[in-house]
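Chains as they are written, first to last, in this note's numbering: chain A, 35 to 236; chain B, 789 to 1254.
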């Protein structure tokens, strides 16, 4: 088979200017794509971080609430009424009935622990040989959102200088307040606060 | 020229594809994030709904106990519907008159199981069984056992299984309880109390040979007060002397009062509930009959001065519900009432019949003869269970109900493990699962079970349809 000679037009290339313009346009397009991708990724990460922080805060306060809801109000101590509050609560829960008598749990405690006071820990038989403890969160703030350690109710929620985890009593109810602070993208922090009112069932 | 255009064809494809890919990836990411958040919120909301539905189940079961039901509401095989979810409650009797209620609530994908313990014990005098304030004498060959009128057996006493210890009867006194040996004329007999015999704080149980007490004989920690009978004030309709042989006299329901009532030999008087009947004296002659029919409602018979059911007379209580028939008397004076020169005690139950009732005579001695078999409870100043006589204590009288004026008392609440049931294990919306299975969960108020009736346990249809 005899190959046909190439025409002039098929051998014609791009001029330098055309190549530079093409590269410039391609750079603009890729730059935009990169920016969109970067912003999208950042936004996605931020949203994911917010969502995770919110879920973590909600799960933690649900755990605290579910532990306290079975408490006997008469066994609760180390908790105060507004405008005071505590970052620790001690209580006992009902375990059922044995040989006709109601059985109560070992004393339980939920408190802020660690040197920085940023960990929510549940204790059973605290300080005894059979002590059990479970950490429920490591991201609690020193103080509740909007609060400063100045003896004043800065966030106008009726409590003075309440901690990142605080308990205050209202009749047979315990009001739980929790603020979580987790690191987000770009060194920012994500702060989520939740509160719940729990009526002791026992 | 055409070839040049053909050579540049497709040069925009790469960036376009890249942009579309980026947008698709971002969109998928956002969609996934949104779905995850939505699922988390839905699960959280479902769990909260299930929690409150389980609490509603506990309240429903508690109301059932108050109304005298078993406390079982629905079951894992057919739960009760409540709002957008379902629940079932199982009741389990514990020692010390306590009942544990376990409620399982399901809503959407949420599942929560809660439990409460209630003290379901009535502190009425009827709950004490066979009680004598000053003494109880159980004579030779007598038998005191128990049954449960709530069991649907119509008060039939079950034949005891020799391998199962028989318990549940109650005998009590504020002083001594004396359990006599059978007489020589009953060489094979035993005197039996199938349950507890609690004397007073300073009293004791004196037992002769050939006697059986299967329960505790420990003294009561406190004296049991005998409550005063409060007789209702009802205008008297005068005396009633009934002697027609072939035509029973039926008293109207509601409140009635008479001076003396005497039913002569061969005659019959019928009292239908609901009825409150107050009489000064009541005498049923030999072969006369008194029928206390509580089928339509409770009957309270108050006798102020004198109660005499003569030997050969018949007392009948067709409804077999001891909690709904009471005979209460304040009679206390021994006198010669029939002028035969012999003193007549204020209360005599010499009649024949199986009597499902609570008998209460706090100021008089009561003696239960063999022909007068009591299903329920008896409390008196002094109580004698004669040779060969039988008292069958109704354990239903120990349970707090509205009818006996007491309600169960809350004792403890807790979260418990979820039961291993198909509806719980499969995280489908329970209402959808039941509908597909062709099952229609009843509303909560219609899902109560009586004592002795077992709720459905299995739900195999759900597994088959899914």
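The C-beta atom is built at its ideal place from N, Cα and C for all residues, glycine as well.
Check	Outcome
Would you verify that the beta carbon of residue 877(B) is, or is not, closer than 8 Å to some beta carbon of chain A?	no
One question on the structure: do residue 1020(B) and residue 1064(B) come within less than 8 Å of each other, judged by their Cβ atoms?	yes
Taking the alpha-carbon positions, what's the residue 76(A) to residue 82(A) distance?	10 Å
By the three-class DSSP mapping on this structure, what secondary structure does residue 196(A) have?	coil
Determine, using beta carbons only, whether residue 1175(B) and residue 917(B) come nearer to each other than 8 Å.	no
Using only the alpha-carbon positions, how far apart do residue 841(B) and residue 1152(B) sit?	52 Å
Under 7 Å between beta-carbons, which chain B residues line up against residue 92(A)? List them in chain order, please.	832
Quick one: residues in its chain with C-beta nearer than 8 Å to the C-beta of residue 1122(B), no 5 flanking neighbours on either side, listed in chain order?	1131, 1132, 1133, 1134
Check whether chain B comes within 8 Å of residue 219(A), counting only Cβ atoms and requiring the distance to be less than that.	no
I want to verify the contact list: residues of chain B whose CB lies under 7 Å from the CB of residue 162(A), in sequence order.	The contacting residues do not exist; residue 162(A) stays about 22 Å from chain B at best.
Since residue 806(B) meets chain A, which of its residues come closer than 7 Å, beta carbon to beta carbon?	67
Closest to residue 1093(B) by CA distance: which of 1102(B), 1118(B), 913(B) is it?	1118(B)
Cβ atoms of residue 967(B) and residue 979(B): under 8 Å apart, would you say?	yes
Based on the DSSP secondary-structure assignment, which residues constitute the bridge partners of residue 1094(B)?	1069(B)
I'd like to check one pair, residue 996(B) with residue 1023(B): are the Cβ atoms closer than 8 Å?	no
With the cut-off set at 8 Å, would you say residue 834(B) and residue 893(B) are in Cβ contact?	no
Please report how far the alpha carbon of residue 111(A) lies from the alpha carbon of residue 1181(B), in whole angstroms.	46 Å
Which residues bound the alpha helix (DSSP H) around residue 80(A)?	50–103
Per DSSP, residue 1165(B) is paired with what?	1146(B)
Kindly indicate which three-state DSSP category residue 1249(B) falls into: helix, strand or coil?	Legend: pLDDT at residue 1249(B) = 45, less than 50; position of this residue unreliable, value from coordinates given subsequently. Reduced to three states, the DSSP call for residue 1249(B) is helix.
Using a Cβ-Cβ distance cut-off of 8 Å, determine whether residue 931(B) contacts chain A.	no
Pick out whichever of 809(B), 1163(B), 836(B) has its Cα sitting closest to the Cα of residue 1109(B).	1163(B)
Residue 941(B) by DSSP, collapsed to three states: which one?	Unreliable placement is indicated for residue 941(B), whose pLDDT of 48 sits below 50; the coordinate value is still reported in the next sentence. If DSSP states are grouped into helix, strand and coil, residue 941(B) belongs with coil.
Mark residue 137(A) as exposed unless 16 or more other C-beta atoms lie within 10 angstroms of its C-beta, in which case mark it buried.	exposed
Examine the Cβ distances between the segment 222–236 of chain A and the segment 99–106 of chain A and report whether three or more of them are shorter than 8 Å.	yes
Distance check for residue 910(B) and residue 1194(B), CA to CA, integer angstroms please.	6 Å
Name the DSSP bridge partner or partners of residue 1048(B)?	1069(B)
Run through DSSP, which three-state label would residue 1202(B) get?	strand
Residue ranges of each beta strand (DSSP E) run of no fewer than 3 residues wholly in the segment 840–882 of chain B, ordered along the chain?	868–870, 873–881
Along the alpha helix (DSSP H) that carries residue 1232(B), what are the first and last residues, could you check?	First-last for residue 1232(B): undefined, no H or E at that position.
Whose CA, out of 128(A), 121(A), 90(A), 117(A), lies closest to the CA of residue 107(A)?	128(A)
DSSP on residue 1101(B), reduced to helix/strand/coil?	coil
Quick one: is residue 881(B) near chain A, going by C-beta distance under 8 Å?	no
What is the rounded straight-line gap between the Cα of residue 1112(B) and the Cα of residue 1089(B)?	11 Å
Look at the Cβ atom of residue 845(B), then the Cβ atom of residue 853(B), and state whether they are nearer than 8 Å.	no
So the candidates are 1001(B), 926(B), 1045(B), 902(B); which of them puts its Cα closest to the Cα of residue 879(B)?	902(B)
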